[in-house]
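Q:
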Amino acid sequence: MEKKRVAPKRAKPEWLQRAVDFLPDAWQWIYRLRSILLAVPIVAAAIKLAFQNMARLPEFVGINLQANGEYAVMIERNVAVFAPLLITAVCLLTMFLSKKVLWPWLVSLFSLVLPLLLWITNIFPG
Numbered sequence: 131m132e133k134k135r136v137a138p139k140r141a142k143p144e145w146l147q148r149a150v151d152f153l154p155d156a157w158q159w160i161y162r163l164r165s166i167l168l169a170v171p172i173v174a175a176a177i178k179l180a181f182q183n184m185a186r187l188p189e190f191v192g193i194n195l196q197a198n199g200e201y202a203v204m205i206e207r208n209v210a211v212f213a214p215l216l217i218t219a220v221c222l223l224t225m226f227l228s229k230k231v232l233w234p235w236l237v238s239l240f241s242l243v244l245p246l247l248l249w250i251t252n253i254f255p256g
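As numbered in my numbering, the sequence shown has no gaps in its residue numbers, which increase by one up to the final residue, 256.
1. Which class does residue 202 belong to by DSSP, given the choice of helix, strand or coil?
2. Sort out for me which residues DSSP pairs residue 191 with in a bridge.
3. Can you tell me which of 243, 188, 155, 238 puts its alpha carbon nearest to the alpha carbon of residue 169?
4. In whole angstroms, what separates the C-alpha of residue 206 from that of residue 191?
5. Please state whether DSSP places residue 185 in a helix, a strand or coil.
6. By DSSP, does residue 144 sit in helix, in strand, or in coil?
7. Tell me the rounded alpha-carbon separation between residue 210 and residue 253.
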């Protein structure tokens, strides 16, 4: 019976070994800073939407469109811009204060729909 020849194991290059050794530390820091890393795109999108709505909404914004095509409540543009921004900020604050980051982050993600909803309902009434 012949013995099978086994090729000797080649050593990993030094740069690859360093990268493999660094990965657990990197993932640990990413996990620790997950709330900040998740909040950055939400903050950027909320500020961008606020600037867009400041430019494109009329002076008075209608809320609660009625069946006859009129609005039940009219609010100022500044309130219509800063109220969704404040709601998103409160959602992000709850994300920073909670142990489970994902659910408050998802709520803050869905709160970004509010500025778009205000804009669409005032551009295309009824």
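C-beta: ideal position from N, C-alpha, C; glycine also.
A: For this structure:
1. strand
2. 205
3. 238
4. 6 Å
5. helix
6. Residue state, collapsed to three classes: helix.
7. Distance from the CA of residue 210 to the CA of residue 253, rounded to the nearest whole angstrom, comes to 14 Å.
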